[in-house]
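Under numbering that gives the first Met the number 0, the first residue of the sequence shown carries the number 0, and numbering increases by one thereafter. Don't be surprised by glycine CBs; every beta carbon is placed ideally from N, CA and C.
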Amino acid sequence: MRLTSGSPRPILPAFLAFTVAAFLPQLSSGAAPFPQDLEPISIVGRETSYLYPSFQGLMSDNDTIRLGLDFQRMLRINHMLYIAARSDECYNYIKVLVPRNDETLFACGTNAFNPTCRNYKMSTLEQEGEEVVGQARCPFESRQSNVGLFAGGDFYSATMTDFLASDAVIYRSLGESSAVLRTVKYDSKWLREPHFLHAIEYGNYVYFFFSEIAVEYTTLGKVVFSRVARVCKNDNGGSPRVLERYWTSFLKARLNCSVPGDSFFYFDVLQSLTNVLQINHRPAVLGVFTTQANRTKKLICMKVLL
């Protein structure tokens, strides 16, 4: 713009120069004039937070109305967003609570799909040491089955290692000198959709009792069999070429609980189990089994541990 001798001079550039000059000292001192976050007015739990205003998305969006966006059921872990189907899925469900020794209690929780374990003093219930990653020691959500116990200073666990429950595992960890071992991943001959029920230490072995989809009868659909698996406590794993970091002593067998006769009537689904008992001077366990179709019919069977 050309200025004549009679034209007024613009004042905007001078005003901007004054503003920048006043703002630069604050930038150089690191004290930018941005508003500070206020302290929260109220902090509430999940059970009462539904009483407070929440963002529900665009009401004109049909997907928003149909899905019902609820940020209480959203969780971000390792750059992945999980959306829970129920409002209580993000709670911390305690799935492991076993004595580690005479003075320490070992506890693990689902921790909103991020399983975590801690050690506590039995006398005071104060936490000891740092938290331990719970993967392969505790399931990711409450409906996934699991068992666990300490034997010889090692923690033996059976559970799912992922959110989708696609990788079932029998796992040994937390020992000072023993190797960390597990079952082979994604191999249905080792484990196929198991439901773990009980774990027992006896002698030089640790026994795991569970039910799973039978691989023997794939043509008949999903048939459930009850199993017992056994691992040696002194198992050091395989060589770098064969079964490295995997069990080499893993064995499993079907538990046969049936009514004898011309045609055997099988109770294939294990529901509950005792610890080791002495029956007629022999170590044994008692289990409650049900049928495949009608879970109301039950039978108690005894299995002798050799």
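Euclidean distance between Cα positions of residue i and residue j
{"i": "Leu-173", "j": "His-280", "result": "35 Å"}
{"i": "Ile-229", "j": "Ile-199", "result": "The sequence shown places Arg at residue 229, rather than the Ile named in the question. Their Cα atoms are separated by approximately 10 Å."}
{"i": "Ser-122", "j": "Arg-99", "result": "13 Å"}
For residue i, the residue or residues it bridges with in DSSP
{"i": "Pro-309", "result": "Since the first and last residues shown for the chain are 0 and 305, residue 309 lies out of range."}
{"i": "His-197", "result": "Phe-208"}
{"i": "Gly-152", "result": "Its beta-bridge partners do not exist; DSSP assigns none."}
Beta-carbon spacing of residue i, residue j below 8 Å
{"i": "Lys-373", "j": "Thr-109", "result": "Residue coverage of the chain in this structure runs from 0 to 305, which leaves residue 373 outside it and unanswerable."}
{"i": "Glu-127", "j": "Thr-160", "result": "no"}
{"i": "Ser-248", "j": "Arg-226", "result": "no"}
{"i": "Ala-178", "j": "Ile-169", "result": "no"}
{"i": "Tyr-245", "j": "Leu-180", "result": "yes"}
{"i": "Arg-136", "j": "Gly-147", "result": "yes"}
Anticipated Cβ contact below 8 Å, residue i with residue j, distance rounded
{"i": "Val-275", "j": "Gln-291", "result": "Not really, about 28 Å apart at Cβ, beyond 8 Å."}
{"i": "Lys-232", "j": "Ala-167", "result": "Rounded, the Cβ-Cβ distance is 21 Å, inconsistent with contact."}
{"i": "Ile-219", "j": "Cys-256", "result": "Residue identity differs from the one stated: residue 219 is Leu in this sequence, not Ile. Contact flag wrong, Cβ pair sits at about 19 Å."}
Own chain, CB closer than 7 Å to residue i, minus 5 neighbours either side, in chain order
{"i": "Lys-302", "result": "Leu-254, Ala-283, Val-284 and Gly-286"}
{"i": "Lys-221", "result": "Ile-212"}
{"i": "Glu-243", "result": "Gly-236 and Gly-237"}
{"i": "His-197", "result": "Val-146, Phe-208 and Leu-272"}
{"i": "Gly-67", "result": "With a pLDDT of 46 at Gly-67, under the threshold of 50, the predicted position of this residue should be treated as unreliable, and no value is reported."}
{"i": "Ile-278", "result": "Met-301"}
Proximal residues to residue i (C-beta, below 6 Å), its chain only, five neighbours per side dropped
{"i": "Phe-154", "result": "Ser-172 and Leu-173"}
{"i": "Ser-144", "result": "His-194 and Phe-195"}
{"i": "Val-131", "result": "Cys-116"}
{"i": "Val-258", "result": "Phe-264"}
{"i": "Lys-251", "result": "Arg-226 and Ala-228"}
{"i": "Ser-28", "result": "Any answer about Ser-28 is weak, because its pLDDT of 49 lies below 50 and its placement is not dependable; what the coordinates show is given next. Cβ within range, chain order: n/a, list empty."}
Close-in-space but distant-in-sequence residues of the same chain around residue i (CB under 8 Å, 5 per side omitted)
{"i": "Tyr-92", "result": "Gly-108, Thr-109, Glu-140 and Ser-141"}
{"i": "Phe-162", "result": "Tyr-81, Phe-112, Phe-139 and Glu-140"}
{"i": "Val-214", "result": "Ser-187, Lys-188 and Arg-191"}
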